[in-house]
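The block underneath contains the structure these notes are about, expressed in structure tokens.
Residue numbers (our numbering): 327 to 560.
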């Protein structure tokens, strides 16, 4: 969460029945402690999203039975920015195990910037109507408008705080090549809980410096994005 949400959470939960020790920690530190099943951390670098100029009530869905990663609509009256969240009429989220509707409209993220007049909305996740990967109750209702979460720009500016289960994302680190120790003063590589760091220490005779460098080789991916959520704050 960003600093603003951290402060709002502290204030909002202050009047509820809470463990006294945790309330005391929050009062002393000014930081939200773990609560509500979440391990909470604050970061000043939480990203900010700005909606485009398209009205919150978008243009009408243009065509019945649509699915996939692009939905055809009547030409937009304004812009939509990448990362904007939208819902479609009649298109409800479903329980991933029993495929029954949750009663809440499914949310989709626009994956590319769109200009006024555009007639296709690129979305993620793709709409799947049937089968093992069904993720909605029905296709968007044609002739009715899609909706944008939040307000239209420039007032539609939101911090995009994130909540996620540990299985939502995967970080992979692999061991690096270790040069022969005779070519350096010392070399060490350690792996702990899947994290691998290589440490090289050597002497630079030209500049009369002792140098230490730390290297990692890593990659990460959203392997189960359904286990994460974006939490808007104004």
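All C-beta atoms, glycine included, are put in the ideal place defined by N, C-alpha and C.
- A residue is called buried once 16 or more other Cβ atoms fall within 10 Å of its Cβ, and residue 423, having fewer, is exposed.
- For residue 511 and residue 520, the gap between their C-alpha atoms comes out near 26 Å.
- Between residue 489 and residue 364 a beta carbon distance of about 7 Å is seen, short of the 8 Å cut, so the two are scored as contacting.
- Burial check for residue 506: the Cβ neighbour count within 10 Å stays below 16, so the residue is exposed.
- DSSP links residue 383 through a beta bridge to 473.
- Annotated three-state conformation of residue 431 is strand, per DSSP.
- Judged by DSSP secondary structure, residue 546 falls within the beta strand (DSSP E) whose first and last residues are 544-547.
- The beta carbons of residue 464 and residue 389 sit about 14 Å from each other, so the pair does not count as a contact at 8 Å.
- Per DSSP, reduced to three states, the secondary structure at residue 448 is strand.
- Bridge partners of residue 408 according to DSSP: none are assigned.
- DSSP, reduced to helix, strand and coil, places residue 422 outside both helices and strands of the structure shown, so it counts as coil.
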